[in-house]
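Heads up, the working numbering is the position in the sequence shown plus 38, with the first residue counted as 1.
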Amino acid sequence: MVAADNMGYLQEVWAVRRFLILYLTPIVFSPIPICIQSSEAYTAYVIIIMAVYWCTEAMPLAATSFLPIILFPLFGVLPSSTVCAQYLKDLNFLFFGGLLVAVAVEHTNLHKRIALRVLLFMGSKPKWLMLGFMITTAFLSMWVSNTATTAMMVPIVQAVIDQIKKNDATKYIELNALESNAVDEEKEPRYTEHKQHGIRKNEWLTRMNKGLLICVPYAANIGGTATITGTAPNLVASNLASTDYGSVAGVNFLTWMLFAIPSMIVCLFFAWIWLQYMFLGCSCKFWRCSCLHKQEHNPIDTTNEESVTAVLRQQYNALGKVSFAEKAVLFHFVILLLLWITRDPKFIPGWSVWFKEKYVTDSTCAMLISVSLFMFPVEPPGWTCRRPTAKQSSPPASSTTNDCGSILTWPAVHQKMAWNVIILLGGGFAMAEACKESGLSKWIGIQLSSLDQVPPAILLFAITILIAFLTEFTSNTSTANIFLPLMAELAIEIGVNPLYFIMTSAIACSFAFMLPVATPPNAIAFSYGSLTVMDMVKAGAIMNIICILVTNININTLGRVIFDVHLYPDWIPTPSDAIPTTDIIGLTTFN
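Okay, here's the thing in structure tokens:
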């Protein structure tokens, strides 16, 4: 009886846990600002509250991001005008412009056409289907949000699996008939063979279903690391580099792609190998991959291959011919890429030299193309655009304020835009600014300066493991907002190029593979019911190890070439007690 009462009490407490966190967190940590009345303590108090709210999601992430506007002015850390300016910085508009272009891609179904075209090209064998899904998802996630890409790709995966199951159901009617007639297995050996074959085949099909589902969110998480606008942690890192160190740090859209795309490709390749081994029962040696199961155990026989291709072809044909709007969006997308890449390539003068220094940035390019999409007609201007045809009883769906309508409309933007992420970024930028202005970052960096005895390569490896673990339980944007400013200050205090820690830590924030709640893409794939938590834990643990190793190797090789991370930059004052040393991999540092 007492145990039942205790259980009921615990259930009541658990039901109101969100409110307990909201109200008790400020009270529990209130001794910090009361006992230590300084800007550093006030800033730490606000950051702790925000970190707890972000990690527990006691309040919506975006709502928590508004706290700096209230608390920093009240504590005298930053004026309200300075705090509010962090929510509409240059990088916020770079992200906003990139999302607007992504909305146009989604709105015209261009992303679905690209995905289906790639899948038809890759073929219908399991390993090539998986690779096709992963390549398509990773590429789209470089430009479209990871969540939107996964939400578009997973139904295609499920349609393919459903078609295979449908074929299997008709193929084994004979087996069901034998079972219903209670056939004597000794007199009917064909029954036993048929039954065992069907069981093995169903088990293999279940594993393949899991493998194809789980490869999509994994590829989305990996693909988002390749561009600055691919995921929010990349923007947090770019903001730190541009705000604290300026353009001399060399972090722009092109240099990020040159640095991150190779590691993205390597991570994607090893992810494909690992998921094949785990779910498809395939072994790979160099360029050859072969399934260990015999052909008769493989559910993708010739009939099913044709059916899978037919499903993909049917979905592709349902899109119709390439529309004028799709061509226009693709044209705008290519122009935006060219503008980003050629603005300031570093190795040659870019077109930005035609303007005043620092006047034109990547956000200028993004907003230029975005505004153009609001101005560009959804159909070629002409009679068919002004007057409905015989087959069209009403104007185009996108038309709201004019006869023809434009590719982008505000209702479409309002519906698809990730407003919460933009606000979350602003809250993180405000928190980083307060850390810098109050001196909290400097103080934490000094406390951690004893780590200068640890080789930077080993220290960075430990940091990326910690961040990858934490991002399994918290938003990757929240993790980046909390840790990246601290990593930058730690790097300076121990005499290491800040980009060495910042770039790698930002990318590690996207390595959330182990839990369904880690990222929205994981949750979408898990919601289809085929995957279990243990499936994700087993596959994700190895994925974390692979991606962390690849990222650390990348910063110590390609990072040296692109960002000179092995040198302490002249745009940051060298600590007075810094002594040049060389760590275990030959990375020049200052201890």
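In this text, a Cβ means the ideal position worked out from N, Cα and C, and glycines have one as well.
In this model, MET469 and VAL599 are separated by some 32 Å (Cα to Cα). Between LEU99 and LEU462, the CB-CB gap stays under 8 Å.
Look at SER361 here: in three-state DSSP terms it is coil, with no helix or strand label. Looking at the DSSP output, SER548 sits in no beta bridge, so it has no partner there. Segment contact: the segment 556-568 against the segment 281-296, fewer than three CB-CB distances shorter than 8 Å; contact not assigned. Cβ contact annotation for ILE379 (same chain, cutoff 6 Å, sequence separation greater than five): LEU292, in chain order. Here the C-alpha atom of GLN485 lies approximately 30 Å from the C-alpha atom of ALA96. Spatial neighbours of VAL141 in its own chain (CB-CB distance under 8 Å, excluding positions within 5 residues in sequence) are listed in chain order as LEU446, ALA450, VAL451, LYS454, MET455. Rounded to whole angstroms, the gap between the alpha carbons of LEU508 and GLU475 is 27 Å. Relative to MET316, the option among ILE540, ILE610, TRP92, ALA579 whose CA is nearest is ALA579. Put simply, of ASN277, GLU527, ALA186 the residue whose alpha carbon is nearest the alpha carbon of SER401 is ASN277.
The three-state reading of DSSP puts PRO415 in strand, counting E and B together. SER444 has PRO415 as its beta-bridge partners, per DSSP.
Around the CB of TRP181, 16 or more other CB atoms lie within 10 Å, so the residue is classed as buried. Annotation: the continuous alpha helix (DSSP H) that includes HIS149 extends over 148-160. DSSP, reduced to helix, strand and coil, places GLU144 within a helical segment of the structure shown. Taken through DSSP and simplified to helix, strand or coil, LYS480 comes out as helix. Rounded to the nearest angstrom, the Cβ distance from MET191 to VAL254 is 5 Å, consistent with a contact under 8 Å.
The C-alpha of CYS73 is placed about 43 Å away from the C-alpha of ASN259. The C-beta distance from ALA546 to ALA500 rounds to 11 Å, too long to meet the 8 Å contact threshold. Rounded to the nearest angstrom, the gap between the Cα atoms of TRP312 and TYR397 is 46 Å.
Restricting attention to ASN582, ALA577, MET541, the CA atom closest to the CA of ASN594 is found in MET541. For PHE67 against TYR83, the beta-carbon gap comes to about 6 Å, under 8 Å, which counts as contact.
Exclusion of the five residues before and after ILE503 leaves ILE586 as the residues of its chain whose Cβ lies within less than 7 Å of its Cβ. Note on geometry: alpha-carbon atoms of LEU376 and VAL391 lie some 16 Å from one another. In the structure shown, SER410 falls within a helical segment according to DSSP collapsed to helix, strand and coil. In the three-state scheme derived from DSSP, where H, G and I count as helix and E and B as strand, PHE113 is classed as coil. Between the alpha carbons of GLY288 and PHE601 lies a gap of roughly 7 Å.
Counting along the chain, GLY578 sits inside the alpha helix (DSSP H) bounded by residues 571-600.
Rounded to the nearest whole angstrom, the C-alpha separation of ALA404 and VAL54 is 44 Å. Here the C-alpha atom of VAL409 lies approximately 11 Å from the C-alpha atom of HIS370.
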